[in-house]
Amino acid sequence: MPPPPGITPPASDIVTLSLISHTNAGKTTLARTLLRKDVGEVKDAAHVTLFNESFTLLEEEARLLRLWDTPGFGDSARLLKRLKRERNPVLWFLSQAWDRISDKPLWCSQQALKNVRDEADVVLYLVNATEPPEVAAYIAPEMEILSWVGKPVLVLLNQTGPLSDPETEEAELATWKTHLATWPLVRDVLRMDAFARCWVQEDKLMDCLTPLLSEQKAEPFKHLKKAWRQRNLDVFNQSSRVLSELLTAAVVDGIEVRNETLLERVGFGRTELNREYQESREKLATHLADRMTAATNALIRLHGLEGESARALGALAKEQFHSPQAVPEAIWSVVGSFAGGAMGGLIADLKMGGMTFGGGALVGGLAAGLGAYALILSYNLVRGEDHRLHWSREHFREQVRLAILTYLAVAHFGRGRGEWQESVEPEHWNRVVDEVLQEHLEGVDRLWRDGVQKGVLPSALSKAALPLVTDCLSCTLARLYPDAEIEI
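Residue numbers for the sequence shown follow this note's numbering, beginning at 43 and rising by one.
Okay, structure coming up:
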C-alpha cells in the first residue's frame, strides 16, 4: 500500500543514485535530461553547483528512485595529497569545516564525498568524453578518493559529440573501459550524453544498476525498473500512434479535380487543367507541411521537451506555402541537416510545389506534350478510387522515411540542449532508415494501395498503420543499438 501523499517511503524502499564528476563535466545538464525538467543552474564555469540537491527520478507506489546532483570535485590531486596525510582520511575529511568562499574546490569536494558516503547506493561518475581518457588527469585521484568510500561506480560518458555509427561508438567505449579497468570499483562504462541520449540507453542504465544494488534494495528496484521501462514504452507507443495518424492522413488526403476533356486529352487547351493540378499539388503540400509540424510538436511534448520555434510554425498562414521563396526553412530543420537523395527530393518537392522531385519536373512534362495521367505523375500525384488526386506511392514512401527520421531526431534530443532546435544529426541514420524501409516496403505499399486505390475506410487504415509504424521504429532502434534489448 503506497504511503499517504507527502510522506517519504521508508529508507529500504528508496534507491539512491549520486551523480558525481569533476567540476564542469555536465552533471546538472544530464540531471535535466534524466529528470525531463529543468533543475539547478547550468553554465560553462567551474563549481556552479555548490550544494548537494535531491530529485525524484521516479516514484512507483511505495518506492522511490532518487537522484542527487552534487558539487563537482575541484583540485583532485591536491585533495588526494591532503587526505593521504591523515590516518583516517575519510573521517578526517568529513569533519572539516572548510570555508566554501576561501577554498571553494575543497568545499565542493567535501560536499560530493559526503553525499556518496551518506546517501548513495550507486555512484554515477560522469566524465567529459570530448578528451581521451589518458588526458583526463583528474580521473586517477578521484577514483582513489571514491575507493575509500567503497560504493559501486558506473562511469557515464557525457559530451560524446555528434552520434556516430555503432562500430565507432563501440570502439570509443572500449577505450574508456580499458583505461578504467585499473579501478575495481568501476563496474561498467556507458554512453549517456545529456545532449543526445535515447530512452533505449536509459533502459541500459537500469539494467546495469540491477546487479550493483544490495539485496535489501534489489526488490524495490525491480519494481522501479519495470515502471521506468513502462513509462518509456508508453511514450514510444504514443509516438507510434502520432506517426501512424500522420501517415493515415497522408494516404486519405485528396483534392477534387475535374477529368480532362477530349481536347485536353489530345494536347489542346490544357492551361486551365495545368493550373488545377498545380493548385492541387500546392494544397496537398500545405496539408502535409501542417501535419508534419503538428506531429513534430506532439513528439516534442511526449518526450518532455520544449520548443517555441516549432510551435510557432503551426500558426503559419497557408498562403506562405504557395510561393517557393515564402516556405520557412525551419519547417524542415528536423531532418534538413542530413537529408540527401530521395529525402532531399521530398523536402525540395514540398518547398517548390512539385517541380523538382524525382526527376519528373513539370516543365519537362509539358515540353513532352504529356497526357493528363502522365502530367499528374509529374506532380507526384495519382487519381484514387474516389477520383480525387492523392500522393503517389513513391512520394508516400518518402513520407514514411521522413516520419521515422523525425522520430529519431526528437527521441535523441536530450533536454540538456534546451528548447527544441535545429541540429546536425548523424548521417548513418539515413542508411539505417533506408534498410528498414526496404524491409517494410510491402507493408508501406499495401497501406498506400488500400487508401488510394481501394478506398479503405480511414479507421481501418489507421488500425493497419499502427503496427507497421511501431515495427519500423523498433527495427530502426534495434539497428542503432544492436546490444540493447528492444522488446516493444
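Ideal Cβ positions, reconstructed from N, Cα and C, are used throughout, including at glycine.
Since the model is a prediction, treat every value here as computed from it, not as a measurement.
In or out: residue i buried (at least 16 other Cβ within 10 Å) or exposed?
i	result
M385	Only weak support exists for where M385 lies, its pLDDT of 48 falling under 50; the coordinates are left without a value.
D163	buried
R233	buried
G426	buried
K28	Past the boundaries of the shown model lies residue 28; the chain is included only from 43 to 530, so the question cannot be answered.
L499	exposed
R300	exposed
E529	exposed
Q441	buried
R473	exposed
K393	Reliability of the predicted coordinates at K393 is poor, the pLDDT of 48 falling under 50, and no value is obtained from them.
K246	buried
R120	exposed
K267	buried
A171	buried
A216	exposed
T220	exposed
G346	exposed
P113	buried
D335	In the sequence as presented, Asp is not what sits at residue 335; that position holds Thr. Classification of T335: buried, given that the 10 Å Cβ count is 16 or more.
T58	buried
T50	exposed
If we ignore side chains and look at the alpha-carbon of each, how far apart do residue i and residue j end up?
i	j	result
D391	E314	Residue placement at D391 cannot be trusted, given a pLDDT of 49 that sits under 50; what the coordinates show is reported in the next sentence. Between D391 and E314, the C-alpha separation is close to 22 Å.
L489	F97	45 Å
E103	R229	29 Å
P208	P524	8 Å
K259	E214	32 Å
W218	T290	45 Å
V494	A327	17 Å
E318	V424	14 Å
E9	S54	Any question about residue 9 goes unanswered here, given that the chain covers just 43 to 530.
L519	T338	18 Å
H429	H265	55 Å
E186	L100	31 Å
G68	E321	51 Å
S189	P183	10 Å
D492	R323	21 Å
C517	T75	24 Å
L522	K79	26 Å
D111	V293	48 Å
F263	C514	31 Å
V532	A340	It is not possible to answer for residue 532, since the shown part of the chain is limited to 43 through 530.
M211	L508	The sequence shown places Glu at residue 211, rather than the Met named in the question. Those two C-alpha atoms are separated by around 32 Å.
E261	K325	57 Å
L77	R271	14 Å
D487	W471	22 Å
D295	L450	25 Å
Q463	E173	26 Å
M248	T448	26 Å
E461	K123	43 Å
E95	I56	16 Å
L107	E527	22 Å
R105	A269	10 Å
P52	S286	43 Å
L72	E244	12 Å
E532	V231	Look at the range of the chain in this structure, 43 to 530, and you will see that residue 532 is not part of it.
Assuming the contact rule is C-beta atoms closer than 8 Å, residue i and residue j should be a hit. Round their C-beta distance to whole Å, please.
i	j	result
I297	L109	Not a contact, Cβ separation roughly 52 Å.
A445	L288	6 Å
D235	N200	6 Å
P194	V165	7 Å
V475	I342	Their Cβ separation, rounded to whole angstroms, is 20 Å, which puts V475 and I342 out of contact at 8 Å.
L19	C250	No answer is possible for residue 19: the residues shown for the chain start at 43 and end at 530.
Using 8 Å as the limit for Cβ to Cβ distance, is residue i near chain B?
i	result
A292	This model lacks chain B altogether; it includes just one protein chain.
Does any heavy atom of the ligand GTP sit closer than 7 Å to the C-beta of residue i?
i	result
I528	With respect to the ligand GTP, the structure offers nothing, as it holds no ligand at all.
> Is there contact between the stretch 327-345 and the stretch 475-495, where contact requires at least three CB pairs shorter than 8 Å?
Replying inline: Segments in contact, no.
> Is the stretch 274-281 touching the stretch 252-264 in the sense that three or more CB pairs, one from each, lie closer than 8 Å?
Replying inline: Touching, no, given that fewer than three Cβ pairs across the two stretches are closer than 8 Å.
> Touching or not, the stretch 431-440 and the stretch 176-186, by the rule of three or more beta carbon pairs under 8 Å?
Replying inline: Not touching, per the Cβ criterion.
> Touching or not, the stretch 494-510 and the stretch 448-460, by the rule of three or more beta carbon pairs under 8 Å?
Replying inline: Contact between the stretch 494-510 and the stretch 448-460 is absent, because fewer than three Cβ pairs lie under 8 Å.
>> When you compare the stretch 217-224 with the stretch 234-241, are there three or more beta-carbon pairs, one atom per stretch, that lie closer than 8 Å?
In response: Below 8 Å, too few C-beta pairs join the stretch 217-224 and the stretch 234-241 to call them touching: fewer than three.
> Is it a yes or a no for the stretch 154-163 touching the stretch 54-68, going by three-plus beta-carbon pairs under 8 Å?
Replying inline: Yes: the two stretches touch, three or more of their Cβ pairs being nearer than 8 Å.
> Could you give the uninterrupted runs of the beta strand (DSSP E) lying entirely in the stretch 222-305, keeping only those of 3 residues or more?
Replying inline: Contiguous beta strand (DSSP E) elements confined to the stretch 222-305 occur at 228-233, taking only those with 3 or more residues.
>> Could you tell me which whole alpha helix (DSSP H) segments of length 4 or greater appear in the stretch 161-225?
In response: Counting whole runs of 4 or more residues, the stretch 161-225 contains the alpha helix (DSSP H) stretches 181-191 and 208-222.
>> Please give me, in chain order, every unbroken run of the alpha helix (DSSP H) with length at least 4 that falls completely inside the stretch 468-510.
In response: Taking only runs of at least 4 residues, the alpha helix (DSSP H) segments lying wholly in the stretch 468-510 are 470-481 and 483-494.
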